[in-house]
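Numbering (this note's numbering), first residue to last: 1 to 238.
Single-structure report; data block below.
Below you can see the structure in the form of structure tokens.
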């Protein structure tokens, strides 16, 4: 039976549990490669329900401290502490439905980016977006980490919008969701569907059709949110 370091209160339960688990990771109680306790043990230790435990684990997966696989459970990653995000500062942000909130921000932001890119993109911008799309397809074909190519594609669109604020906000949001993107890449068919949707977005931008570009991105963002929900159900298991 594990012993919680902190007393979990009703206020932001999942964030409190995530902070406690992170303390154990940083202090070496759960070294890299080790398996953290399963859902049932965590539920008993903290006196909370299954959903609260899953939200806490999901926040640490999103920040890169845990890797979760079906029928295996959650293991501590080998991310060096100096390269990891300070979870005490953002665990509350990423706990529970906050990941969904960030995806909602992406939906609003990226539809505006696609719409603006359709009117502002230069020939050089269009070429850069096309290169990023080719890299995404190549990563998918070669079985590499397509999530980085995904980030590059969306970043190229932001550059093509010629709005510095859009670019800066998207970069920050992308960093927060990097590990969430890795998780959704494991879903069967997720990358091939994203590739198709990326192609539709680029086609709309090339056609200088802002309404079509906005719609194509809206569809893609809806797919991304659904993929995250599916990943939660499939991968965050003990």
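Think of the CB as a built atom: it goes at the ideal place given N, C-alpha and C, for glycine as much as any other residue.
Here the structure is a predicted model, which means the values were calculated and not measured.
Query                                                                                                                                                                   : Result
Give me the Cα-Cα distance between residue 106 and residue 156, rounded to the nearest whole angstrom.                                                                  : 15 angstroms
To the nearest angstrom, how far is it from the Cα of residue 40 to the Cα of residue 54?                                                                               : 11 angstroms
Can you have a look at residue 14 and say buried or exposed, based on whether 16 or more other CB atoms are within 10 angstroms of its CB?                              : buried
So what's residue 190 in DSSP terms, helix, strand or just coil?                                                                                                        : helix
Buried or exposed, going by whether 16 or more other CB atoms sit within 10 Å of the CB of residue 188?                                                                 : exposed
Report the residue ranges of all alpha helix (DSSP H) runs contained in full by the region 146 to 177; include only those spanning at least 4 residues, in chain order. : 146 to 161, 164 to 176
If you draw a straight line from the C-alpha of residue 136 to the C-alpha of residue 110, how long is it?                                                              : 18 angstroms
Give the list of continuous alpha helix (DSSP H) stretches no shorter than 4 residues that lie fully inside the region 118 to 144.                                      : 123 to 142
Ordered along the chain, which non-local residues of its own chain (more than five positions away) have a Cβ less than 8 angstroms from that of residue 231?            : 180, 183, 184, 186, 187
Pull the bridge partners of residue 66 from the DSSP assignment, please.                                                                                                : 76
Tell me which residue opens and which closes the alpha helix (DSSP H) that residue 30 is part of.                                                                       : No alpha helix (DSSP H) holds residue 30; DSSP gives it neither H nor E.
Following the continuous alpha helix (DSSP H) through residue 19, name the residue where it begins and the one where it ends.                                           : 13 to 26
Rounded to a whole number of angstroms, what is the C-alpha to C-alpha distance between residue 215 and residue 147?                                                    : 22 angstroms
Can at least three beta-carbon pairs, one atom from the region 190 to 198 and one from the region 162 to 176, be found at a separation below 8 angstroms?               : no
From residue 204 to residue 138, what distance separates their C-alpha atoms?                                                                                           : 22 angstroms
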